[in-house]
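> The structure is given below, and queries will be raised subsequently.
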Amino acid sequence: MSRLVWNELTPKDRYVVRMARPLSFAELGYVTQLYLPIIGSDSFSLYQLLVHEVQEESGAATESTHRNLMLMSGHSLDRLLSARERLEALGLLTVRRRENMQRDYFYEYLVKPPLTPHEFFADYVLSLMLLNKIENIRYQQLRQKYADPLGAALDQEYTITENVTKDFHEVFQSLKASELEVSRGSEREQFLQEMENRYPPAPMQAEFAPAVDHQLSLSSLRHYLPDNAKAEKVFSHEGVELLYRLHHFYLLDSWGLGQELRDWTLYKADGDLDGEVLRKRLIQRYTDDKLSRTAPKAVPGEEEWGPGNLPQAGSEIFTRICRQLSPLTILEKVVGGRVSKVFLERAETLVFSDGMTGEVVNALLLHTLVSMQMELPKAYLETIRDSWKAKRITTVDEAVRQIQERADQKAQHAEKSKQTKAGKDAPVRRNGRAVLQDKLPASVEWQLSQEREQKREEPVPVKTIEDDPELKKMLETLRKRKKGV
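Residue 408 in numbering that gives the first Met the number 0 is what sits at position 409 of the sequence shown, and the numbering runs on without skipping anything.
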């Protein structure tokens, strides 16, 4: 289907260009060396045009129309729009559309600096896209150009560092409070206010951090759907919930998940996404190490735990990682790498089939690993899962209370069993000496038990030991032996 560009943008639409912060000469080189092969010459020239439309000294915005932009670039409107969108996708441009009461549009273009080479090559998607465009030799030259061997050597050899930078107040100790006071209503205050109103500075940021947003974007995912998929069904309430849970569980961004959604076999006859088939596909793709995933976010204190050293339930780090990490990320941290298909399926089932919240699943997995010698037995998992679901456990704090109560109950039961066993095994003593006790013969024990049972019921004539001379004589002999006769 052809795109109706004039429904999105017209030559008479005005625009204004701003900059997030001033660009250095080196950063313009990054765009040329690293971004140009990916975005193409149209987007590169548009970026240069927008950069130089902003006043370099003040960062003040300038106004123009898209017709002028078409004339300067020599591009048609549709070509100009495509070039602009590639800049948006790579994080080099943010576009805002303003509208007044007369329904006139005014576009605001915020030009942003590129990633540094370190950040660019650390981004898996961008690094691989560049390699695919320029191939190995040129890629190696760029890596060598932006390498810092001396810095790396210093980090390895001089490992002890100390920040000796002096702060503002250490240097300007003579600064008095009276020098910074501006009286209300004074001539100085009026002058400062007038300058603020008449000459507002451009809203540039000295510490603006460039970044490419690879997180889940439903609008982006629409472009990956095959022809037999119906977007209104795929992005229903249930469908969106599933996609976000898959995004969190597997750490899939829009690009990674979009690659999986391309497969037309994932969709039913009515165009809806088959969630079960997609889940099985992702399990297999992970097992085969073919799933494109993003790196997990760093959690403060995560260096305190790992293989063989799991956090204790109720500790601060236990609660933090349960809330912030996905179940798969926790299992990978526990085993020190990729997890087995069995571990993956156990965790995946708890999240997607059993409907437990991510933080509760994390608490259950960690508790089971600690209790079962780093194993995840299915029966044990299901027992606790059923108990927690019956009690409607939905947060890690509630799960921790259940874990601690279960531990207290086991400790009390063990202590009670120990005391009971000690009471049974304690010898009978007389005058400070242990008295040996012979066990009654099995026939006598059976007869006595029968008498006790029949005493609980209605009294009926029964035959007792007293009525059997042989058993009576045996019982008297044992009694005399116990008395030491």
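We treat Cβ as the ideally placed atom computed from N, Cα and C, and that holds for glycine.
When burial is assigned at 16 or more other CB atoms within 10 Å of the CB, is methionine 0 buried or exposed?
Reliability fails at methionine 0, whose pLDDT of 38 lies under 50, so the model's placement of it is uncertain and no value is given.
> Taking histidine 65 as the reference, give the member of Ser173, Val15, Leu224 and Gln189 with the closest Cα.
Among Ser173, Val15, Leu224 and Gln189, the Cα nearest to that of histidine 65 belongs to Val15.
> If you run the structure through DSSP and keep just helix, strand and coil, what is valine 16?
Residue state, collapsed to three classes: strand.
> Short check: CB of phenylalanine 248 to CB of valine 350, under 8 Å?
Result yes, Cβ atoms of phenylalanine 248 and valine 350 sit closer than 8 Å.
> In whole angstroms, what is the alpha-carbon distance linking glutamine 411 and tryptophan 304?
About 29 Å.
> Identify every run of the alpha helix (DSSP H) within the stretch 267-333, keeping only runs that are complete inside it and at least 4 residues long; order them along the chain.
The qualifying runs are 274-286 and 315-323.
> Less than 8 Å between the C-beta atoms of glutamine 401 and isoleucine 392, yes or no?
Yes, the pair counts as a contact, with Cβ atoms nearer than the cut-off.
> What first and last residue would you give for the beta strand (DSSP E) that runs through arginine 97?
Segment 92-98, the beta strand (DSSP E) holding arginine 97.
> Runs of 4 residues minimum, wholly inside the stretch 37-82: which ones carry the alpha helix (DSSP H) assignment?
Correct list: 65-72.
> Please look up how many angstroms separate the CB atoms of arginine 496 and tyrosine 104, rounded, as I've assumed it's under 8 Å.
Outside the displayed span of the chain (0 to 484) sits residue 496, for which this structure offers no information.
> So, does the stretch 379-391 touch the stretch 321-338, judging by three or more C-beta pairs under 8 Å?
Segments in contact, no.
> Strictly by DSSP, which residues pair up with phenylalanine 105?
Note: phenylalanine 105 sits in a beta bridge opposite Arg13 and Arg97.
> For lysine 11, I'd like the list of residues in its chain whose CB is within less than 7 Å of its CB, leaving aside the five on either flank, ordered along the chain.
Closer than 7 Å at Cβ, skipping near neighbours: Thr64 and Arg66.
> With a threshold of 16 other CB atoms inside 10 Å of the CB of methionine 100, please say whether the residue is buried or exposed.
Burial call: exposed.
> For the alpha helix (DSSP H) that leucine 485 lies in, which residues bound it at each end?
The first residue shown for the chain is 0 and the last is 484, placing residue 485 beyond what the model contains.
> What does DSSP give as the partner residues of valine 110 in its beta bridges?
Valine 110 pairs with Met18 and Leu92.
> Nearest CA to the CA of glycine 255: which residue from Ile316, Ser339, Val50 and Ser219?
That would be Ser219, whose Cα lies nearest to the Cα of glycine 255.
> So, for leucine 368: in the same chain, excluding its five sequence neighbours on each side, which residues have a beta-carbon less than 8 Å away from its beta-carbon?
Excluding positions up to five away in sequence, the list reads Leu309, Val333, Glu374 and Leu375.
> Quick one: what's got a C-beta closer than 7 Å to leucine 130's C-beta in the same chain, skipping five residues either side?
Excluding positions up to five away in sequence, the list reads Tyr138.
> Could you pull out every residue in the same chain whose Cβ sits closer than 6 Å to the Cβ of arginine 17, ignoring the five residues on either side in sequence?
The answer, listed in chain order, is Ala60 and Leu109.
> Could you tell me if proline 468 is buried or exposed, where buried requires 16 or more neighbouring beta carbons within 10 angstroms of its beta carbon?
Looking at its Cβ environment, which holds fewer than 16 other Cβ atoms inside 10 Å, proline 468 is exposed.
> By Cβ distance below 6 Å, which residues in the same chain neighbour phenylalanine 43 in space, the five residues on each side in sequence not counted?
Contacts found: Leu35.
> What is the residue span of the alpha helix (DSSP H) that serine 352 lies within?
Unbroken run through serine 352: none, as it is neither H nor E.
> Tell me the rounded alpha-carbon separation between alanine 19 and proline 148.
So the two alpha carbons sit approximately 31 Å from each other.
> Taking the C-alpha atoms as reference points, what is the distance between serine 182 and glutamate 195?
Going by the C-alpha atoms only, they are around 17 Å apart.
> Would you kindly report the start and end of the unbroken alpha helix (DSSP H) that includes valine 30?
From DSSP, valine 30 is part of no alpha helix (DSSP H); its letter is neither H nor E.
> Determine the DSSP secondary structure at serine 1, reduced to helix, strand or coil.
Note that serine 1 has pLDDT 43, beneath the 50 cutoff, so the model's placement of it is unreliable and the number below is only indicative. The answer is coil: DSSP assigns serine 1 none of H, G, I, E or B.
> Closest to serine 81 by CA distance: which of Leu125, Glu7, Leu141 and Ala152 is it?
Nearest option by C-alpha distance: Glu7.
> Can the beta-carbon of tyrosine 285 be found less than 8 Å from the beta-carbon of arginine 261?
Cβ distance not < 8 Å, so tyrosine 285 and arginine 261 don't count as in contact.
> Any idea if serine 253 is buried or exposed, counting beta-carbon neighbours within 10 angstroms, 16 or more meaning buried?
Serine 253 should be labelled buried.
> Secondary structure at isoleucine 383, three-state DSSP: helix, strand or coil?
Helix at isoleucine 383.
> Note down the Cα distance separating arginine 13 from tyrosine 106, rounded to an integer number of angstroms.
One C-alpha to the other measures close to 6 Å.
> Should tyrosine 198 be labelled buried (16 or more other beta-carbon atoms within 10 Å of its own) or exposed?
Answer is exposed; the Cβ neighbour count stays below 16.
> CA-CA distance, lysine 388 and asparagine 361?
Rounded to the nearest angstrom, the two C-alpha atoms are 15 Å apart.
> Compare the C-alpha of threonine 93 against each of Gly307, Glu118, Leu49 and Leu70 and name the closest.
The option with the nearest alpha carbon to threonine 93 is Leu49.
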